[in-house]
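In the numbering used here, the protein residues as written are 3 to 651.
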């Protein structure tokens, strides 16, 4: 039977333009999304778990006459052109580009091949729910088991984003020995046969049911498959990066260093092999950037003989019918007395792919950690909490019982925090010798509230937060109103701060809540609405762009009045500044948020306050190693764990 491009009619169904929800999920970084999704799928299809999965990324060029039924696809794009002319500018631009690529003499391809995998089972008859059908024909479908990395079935969209004609070819030799191939064009609806409108997806096939064509596809003359696995050919592969290979290697190191280190994965990028033997050298030779230093921290943990291993305890949630055996997750921790580690825990599941970093665990303990969820039951629950991009866990995604999922997730985070503190935090006595603490003690002439605090020095001391570090230039997010409750819960439940302030104790590191005086958070409405150009208690002047690197400071602060959001800070900078600014943030569990400042004052004879804007206090005449006291009012009458950074103007 002859081959052809089959674009089924919609017959009254939805009409699709070039915009595609599945593609938009991965649009931020096409190469990284490709690496993450392709390798995760290959790991999920492993044939022999005792051997590594091998994935090849090989670019090549070929004459466009080798493109399967090229002229027929050109005709399809001309029909798209007539359908969308004057109706959708983005579609018109895409069509023009696609026709240009197909009209060239040669075309660039990327071949992606995996080995020690099962191939696309189900291709022979196209059985619904088979790996072949799930990848090629089904939308938003995934039939992987509970130990797999993927679950939404939209990761298969990532390769399309790397084709400038939104077309892929799949070729496979499965474990039964069946060989097959098919093409998929994920473009747009168009009119054909006068009044028919297509769905927008087309298939290079040999039958009207769009089943696979028997035999392998020969597009790369240098390659022939003789063992089970899958080959994906991406035509019109023209990455925007100057060196896509370098970008691919960085993404691989960033996302799969654990899997490679564990000898579960080998990757070849244009004949350059990354394996367990050279990954350490590659990571150590990365450019000196913050994200690369974080990666080096994690890799040092894998290599160190000082790393400690703590199994997650058994859990039973009887009402929900959920239980975890001991060791279904393992926390790996490494401590460093020199303060050089990143104070974060990398969260992963069974495939070992990076999901996200758990931050703000301790501000005083220098450590790094990796949490690996490998047990079947626990992996299943957290897989269902995971978002489509595989970079976040959200309990509400666990549709069966979001409330129990929230409890499970909170208990896991608490386990991480408590373990870090119990293993590494030095014993802290009830009485602390805090340098400069007398600067904070109440004067006898203060009001009754202050005198009451004087009578309870222990309570006051508990509210001192001491933090000395080389501060990082962290990205912050505006806090949205809908997330306010979540952030409050983090501050109450995660940081060891109670609403009454009577219990508290240590939160992250030496950040202490407790006592009758706590702190503030952010604007009650969630948004930081203070602006230098709007009426209020702030000066109206041009917004200043922040300098790139914060100045190292020593700082202590205490809350004077929780309801009014009054804090007193003592700051000692490590550099003299004619003009600088103090940026205030509240520490969330995964992100930090702007902390609006309503008022600021100092009684220092040299330091002057120039202005206030949103979460920033502009100051002048700061002297190196000289402490000065700053009183601030924050715009939220609740407890908070505060971060203050000093920048030079």
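For glycine and all other residues, C-beta sits at the position ideal for the given N, C-alpha and C.
Considering only residues of the same chain and omitting the five flanking positions on each side of residue 264, which have a CB-CB separation below 7 Å?
Only 354 meet the Cβ criterion.
Given a threshold of 16 other Cβ atoms within 10 Å of its Cβ, counted over all protein chains shown, does residue 645 qualify as buried or as exposed?
So residue 645 counts as buried.
Specify the secondary structure class of residue 82 as computed by DSSP and reduced to three states.
Here residue 82 sits in helix by DSSP.
Specify whether the region 197 to 212 and the region 247 to 262 touch according to this definition: at least 3 beta carbon pairs, one from each stretch, less than 8 Å apart.
Short answer: they don't touch.
From residue 348 to residue 195, what distance separates their C-alpha atoms?
Cα to Cα, the separation comes out at about 55 Å.
With a threshold of 8 Å, establish whether the CB of residue 558 neighbours any heavy atom of the ligand ZN.
Looking for the ligand ZN in the displayed structure turns up nothing, as the structure carries no ligands at all.
Please look up how many angstroms separate the CB atoms of residue 32 and residue 188, rounded, as I've assumed it's under 8 Å.
14 Å between Cβ atoms; not a contact.
Over what stretch of residues does the beta strand (DSSP E) that includes residue 55 continue unbroken?
Element bounds for residue 55: 55 to 65.
Around the C-beta of residue 364, are 16 or more other C-beta atoms found within 10 angstroms, so that it is buried, or is it exposed?
With 16 or more Cβ atoms within 10 Å of its Cβ, residue 364 is classed as buried.
Do you know how far the Cα of residue 133 is from the Cα of residue 552?
Distance between the alpha carbons of residue 552 and residue 133 is about 51 Å.
Give me the DSSP bridge partner(s) of residue 561.
BP columns for residue 561 point to 569.
Please classify residue 214 as buried or exposed, where buried requires at least 16 other C-beta atoms within 10 Å of its C-beta.
Residue 214 should be labelled buried.
Between residue 400 and residue 412, what straight-line distance do the alpha-carbon atoms span, to the nearest angstrom?
For residue 400 and residue 412, the distance between alpha carbons rounds to 14 Å.
Say whether chain D places a C-beta atom closer than 9 Å to the C-beta of residue 371.
Checking the listed chains, one finds no chain D in this structure; it contains a single protein chain.
Report back the beta-carbon spacing between residue 271 and residue 59 to the nearest angstrom; my notes put them in contact at under 8 Å.
Indeed, because the Cβ distance is near 5 Å, the residues count as touching under 8 Å.
Measure the C-alpha to C-alpha separation of residue 569 and residue 382 and round it to an integer number of angstroms.
When rounded, the distance between both Cα atoms is 45 Å.
Name the residue from 124, 596, 594 and 579 whose alpha carbon lies nearest to the alpha carbon of residue 608.
Here the closest residue by C-alpha is 579.
Measuring alpha carbon to alpha carbon, tell me which of 231, 279 and 282 ends up nearest residue 44.
Of the listed residues, the one whose Cα sits closest to residue 44 is 231.
Alpha carbon to alpha carbon, how far is residue 244 from residue 13? Give it in angstroms, no decimals.
Their backbone Cα atoms lie some 44 Å apart in a straight line.
At a cut of 8 Å, does the region 592 to 602 reach the region 612 to 620 through at least three beta carbon pairs?
Output reads yes: the region 612 to 620 touches the region 592 to 602.
Going by CA-CA distance only, name the one from 392, 393 and 387 that's closest to residue 402.
Residue 387 is the option with its Cα nearest to residue 402.
So, at 6 Å on beta carbons, what are the nonlocal neighbours of residue 173 in its own chain, with the 5 sequence-adjacent residues on each side left out?
Result list for residue 173: 183, 218, 219 and 233, in chain order.
I'd like to confirm the pairing. Which residues does DSSP put opposite residue 186 in its beta bridges?
Per DSSP, 170 and 205.
By Cβ distance, which residues of its chain are closer than 7 Å to residue 404, with the 5 residues on each side in sequence left out?
Counting only Cβ-Cβ distances below 7 Å, and skipping sequence neighbours, we find 397 and 398.
Skipping 5 residues on each side, what residues in its chain have a beta carbon closer than 6 Å to that of residue 247?
If we look at residue 247 and ignore the five residues flanking it on each side, its Cβ neighbours are 271 and 272.
Thinking just about the alpha-carbon of each residue, which of 337, 89 and 19 is nearest to the one in residue 168?
Of 337, 89 and 19, the residue nearest in Cα terms is 19.
Kindly indicate which residue of 600, 415 and 82 has the alpha-carbon position closest to the one of residue 314.
Nearest of 600, 415 and 82 to residue 314, Cα basis: 415.
Suppose you measure from the CA of residue 223 to the CA of residue 181; what does that come to, to the nearest Å?
Each residue's alpha carbon lies about 18 Å from the other.
Sort 98, 367 and 643 by Cα distance to residue 424 and report the nearest one.
Closest by alpha carbon: 367.
Closer than 7 Å by C-beta to residue 17: which residues in its own chain qualify, once you throw out the five before and the five after it? Chain order, please.
Closer than 7 Å at the Cβ level, and outside the excluded window around residue 17, lie 191 and 199.
Would the beta-carbon of residue 653 fall within 9 Å of that of residue 373?
Past the boundaries of the shown model lies residue 653; the chain is included only from 3 to 651, so the question cannot be answered.
Whose CA, out of 62, 111, 66 and 369, lies closest to the CA of residue 303?
With distances taken between Cα atoms, residue 303 lies closest to 369.
Quick one: Cα of residue 240 to Cα of residue 108, how far?
Cα to Cα, residue 240 sits roughly 12 Å from residue 108.
I need the boundaries of the alpha helix (DSSP H) containing residue 98, first residue and last residue.
Start and end: 91 to 105.
Buried or exposed: residue 648, going by 16 or more other Cβ atoms within 10 Å of its Cβ?
Buried, since its Cβ has 16 or more Cβ neighbours within 10 Å.
Measuring alpha carbon to alpha carbon, tell me which residue in 229, 295, 584 and 96 is nearest residue 669.
Nothing about residue 669 can be reported from this structure: the residues present for the chain run from 3 to 651 only.
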